[in-house]
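**Student:**
There are 2 protein chains.
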Amino acid sequence: MQLSIAEENYIKAIYQLESQGQKVSTNAVAHLLRTRPASVTDMANRLQQKKLIHHEKYYGLQLTALGKKQAIHIIRRHRLWECFLVEKLGFRWDEVHPLAEELEHIRDERLIERLAHFLQHPEFDPHGDPIPDAKGSFQQHEQILLSQAPLNHPLRVTRVADQSAALLQYLTQKGIVLGTRLRVLQINAYDGSVEVKLMKKPAFTLSREVAQHVYIQTYGKN
Amino acid sequence: MQLSIAEENYIKAIYQLESQGQKVSTNAVAHLLRTRPASVTDMANRLQQKKLIHHEKYYGLQLTALGKKQAIHIIRRHRLWECFLVEKLGFRWDEVHPLAEELEHIRDERLIERLAHFLQHPEFDPHGDPIPDAKGSFQQHEQILLSQAPLNHPLRVTRVADQSAALLQYLTQKGIVLGTRLRVLQINAYDGSVEVKLMKKPAFTLSREVAQHVYIQTYGKN
DNA sequence: AAATACTTTTAGGCAAACTTAAATTTTAAT
DNA sequence: ATTAAAATTTAAGTTTGCCTAAAAGTATTT
Ligand SMILES: [Mn+2]
Ligand SMILES: [Mn+2]
Ligand SMILES: [Mn+2]
Ligand SMILES: [Mn+2]
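Taken in order, these protein sequences are the chains called G and Y. Each residue of the first sequence is one higher than the last, beginning at 636 in this note's numbering. Each residue of the second sequence is one higher than the last, beginning at 636 in this note's numbering.
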């Protein structure tokens, strides 16, 4: 059963909200997809009809196992194309999301497997998000938010959990990209802002909003 | 003014019929796009409204300058993706057309220019069709049909003017791909069939239907 | 417990792109 | 020149995916 582009976008949006642990309200989906709550209710009926979601009126949407499987495949395609765009075509990490948003809807098993092979089966996309394999399994990096990082410990940036070009450009300009090494000097108890120090650069401060979207790993000092 | 996928497919179909010198009838377009004449009339109204075609009732469709420009851009995208699929992902020439039929609708100037650059600005696609440049200009190979080739002259295959997987597979199996060298031993006056000889292989015969879709170039004997 | 605010659904509508069936026009054949 | 055949358009209807406005349900405040 072949999904339409609109259906795929809804499925993916629902999946994303679910995996952030939020309850998937009509409003939330509408906001994410820049559409109206009434349109979401409308689509919800069709998706439930197709057994992709479960919809309890007034209480939110939930993907079925089938829906979740579909979502993961869409995400696989999205992230593989993002890798392609960055690694082969030379786009920056802040440019690729809207393009992948289109490319992800080309549903051809052989195409995507060959693309994966061409890219040497990358495990993470340009934002540090894991790429599900052909069977749909994947695992996250060890996840620590920069806003909760241990102080004065060597850290490495592993993921930025927001596709907005504004954030990605801002981080780039501050010298923060995937793999950047840094330390947290202090976390301001009042506003949650984080003072960070990159090698050979003066320390600077990131707001909590920013720090809450940046994930890091610790690594030994040796 | 952004075209829909359906509109792009119509524009391209009309362009293809026009460039084959055929009159672009409602029926012909419907047949090419596997839809109904009534749907073509319907779309024709919308396209005329948008100044992409001129439609004289009962007498066929004609692209405007604007429509032609659009068509050429779509074809550029189509053929570049075909190159990508063959050269980078390892697809065969008989597999790529349906995939490119989808990929061509991703309208992003930067994407397509970077793709062209990545592919080192190919001039011809995997079927020997010329790829328009970013400004829309291109030129055909010198065009001689195999069915009208000079006898006993060294020839090189330069283009196959039909995307059907069946034809392309048949030719491949006969040893005929782009660049294949061959001679025409004789052309049967009755049924137009063509006897061809490849190096180091026994001669064999191609039907007129097949020979009418294969283009060749002559080359000096030296 | 009522009143108010907020969220969600329903109702009614619209545009794109398709379909079939009927009417019309063009073309081909007697 | 009629007539028959073929092509084309018109008419009417469907599905998808969206919208606004109104109604209904849920949550929050007083
Ligand atoms: Mn998308
Ligand atoms: Mn990503
Ligand atoms: Mn297409
Ligand atoms: Mn081609």
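No residue lacks a Cβ here, since even glycine has one placed at the ideal position from N, Cα and C.
(1) Count the other C-beta atoms from every protein chain shown that fall within 10 angstroms of the C-beta of Y/Ser654, then say buried if there are 16 or more, exposed otherwise.
(2) In chain order, what residues of the same chain lie with their CB nearer than 8 Å to the CB of G/Asp748, ignoring the 5 residues before and after it?
(3) Please name the residues in the stretch 738–771 of chain G whose beta-carbon is closer than 7 Å to at least one beta-carbon of chain Y, in chain order.
(4) Name all residues in chain order for which at least one heavy atom of ligand 1 lies closer than 6 Å to the residue's CB.
(5) Taking the alpha carbon of Y/Leu780 as the point to measure from, which residue in Y/Gly771, Y/Gln774, Y/Leu790 has its own alpha carbon closest?
(6) Any beta carbon from chain G within less than 8 Å of Y/Leu734's own beta carbon?
(7) By the criterion of Cβ-Cβ separation under 9 Å, what are the contact partners of Y/Leu806 in chain G?
(8) Who are the near neighbours of Y/Gln705 in its chain, counting only those whose CB is closer than 7 Å to its CB and skipping five residues on each side?
(9) How is Y/Pro785 classed by DSSP in three states: helix, strand or coil?
(10) Rounded C-beta distance between G/Ala838 and G/Leu820? I'm assuming under 8 Å.
(11) For Y/Leu724, which residues in chain G fall below 7 Å Cβ to Cβ?
(12) Apply the 10 Å Cβ neighbour rule to G/Ser799 and answer buried if 16 or more other Cβ atoms are within range, or exposed otherwise.
(13) Assuming contact is defined by CB atoms lying nearer than 8 Å, are Y/Val849 and Y/Val795 in contact in what I supplied?
(14) Taking all protein chains shown into account, do 16 or more other C-beta atoms lie within 10 angstroms of the C-beta of G/Met636, making it buried, or fewer, making it exposed?
(15) Could you give the C-beta distance for Y/Ser828 and Y/Leu817, rounded to a whole number, given that I count them as a contact under 8 Å?
(16) For Y/Glu730 and Y/Leu803, what's the separation of their Cα atoms in angstroms?
(17) Using 8 Å as the cut-off, can you tell me whether the stretch 708–725 of chain Y makes contact with the stretch 658–670 of chain Y, which would need three or more C-beta pairs spanning the two stretches below that distance?
(18) Counting beta carbon pairs with one atom in the stretch 736–747 of chain Y and one in the stretch 687–703 of chain Y, are three or more of them shorter than 8 Å?
(19) With distances taken from CA atoms, which of Y/Asn644, Y/Arg681, Y/Leu682 is nearest Y/Thr670?
(20) Who does Y/Ile779 pair with in a DSSP beta bridge?
(21) Under the criterion of a Cβ to heavy atom distance below 7 Å, does Y/Pro757 qualify as lining ligand 4?
(22) Within a Cβ cutoff of 8 Å, which residues of the same chain sit near Y/Val659, ignoring the five residues on either side of it in sequence?
(23) If you follow the beta strand (DSSP E) that Y/Val795 is part of, which residue opens it and which one closes it?
(24) My assumption, with CB atoms under 8 Å, is that G/Gln774 sits in contact with G/Pro765. Please give the rounded CB distance.
(25) Output the distance between the C-alpha atoms of Y/Leu715 and Y/Ala735, rounded to the nearest integer angstrom.
(26) Between G/Pro767 and G/Ile851, is the Cβ-Cβ spacing less than 8 Å?
(27) Determine which residues share a DSSP beta bridge with Y/Thr699 and list them.
(28) Kindly list the residues whose CB is nearer than 7 Å to the CB of Y/Phe759, restricted to its own chain and excluding five residues on each side of it in sequence; keep chain order.
(29) Give the secondary structure of Y/Met636 by DSSP, where H, G and I count as helix, E and B as strand, and everything else as coil.
(30) Considering only DSSP beta bridges, list what G/Arg816 is partnered with.
(31) Please give the ranges of any beta strand (DSSP E) in the stretch 650–737 of chain Y, keeping only runs that are unbroken, at least 3 residues long and fully inside the region.
(32) Is G/Trp728 closer than 8 Å to G/Pro761 when the C-beta atoms are compared?
**Tutor:** On the basis of the supplied data:
(1) exposed
(2) Looking at the sequence shown, residue 748 of chain G is not Asp but Glu. Here the set comprises Ala769.
(3) Those would be Leu738, Ile741, Asp743, Leu746, Arg749, Leu750, Phe753, in chain order.
(4) G/Asn644, G/Glu736, G/Glu739, G/His740
(5) Y/Leu790
(6) yes
(7) Per Cβ cutoff of 9 Å: no residues; Y/Leu806 is ~22 Å from chain G at best.
(8) Leu638, Ile646, Leu687
(9) Annotated three-state conformation of Y/Pro785 is coil, per DSSP.
(10) 6 Å
(11) Chain G residues near Y/Leu724: Arg749, Leu750, Phe753.
(12) Exposed is the label assigned to G/Ser799, since fewer than 16 other Cβ atoms lie within 10 Å of its Cβ.
(13) yes
(14) exposed
(15) Contact doesn't hold; Cβ gap of about 15 Å is too wide.
(16) 9 Å
(17) no
(18) Between the stretch 687–703 of chain Y and the stretch 736–747 of chain Y, the count of Cβ pairs shorter than 8 Å is below three; the stretches do not touch.
(19) Y/Asn644
(20) Y/Ile851
(21) Every heavy atom of ligand 4 is 7 Å or more from the Cβ of Y/Pro757, so no.
(22) Ile649, Leu652, Glu653, Gly695, Leu696, Gln697
(23) 790–795
(24) The beta-carbon distance between G/Gln774 and G/Pro765, rounded to whole angstroms, is 6 Å. This is short enough to meet the 8 Å contact definition.
(25) 9 Å
(26) no
(27) DSSP output for Y/Thr699 lists no bridge partner at all.
(28) Pro765, Ile766
(29) coil
(30) G/Arg791
(31) 688–690, 696–698
(32) In this structure, G/Pro761 places its C-beta atom within 8 Å of the C-beta atom of G/Trp728.
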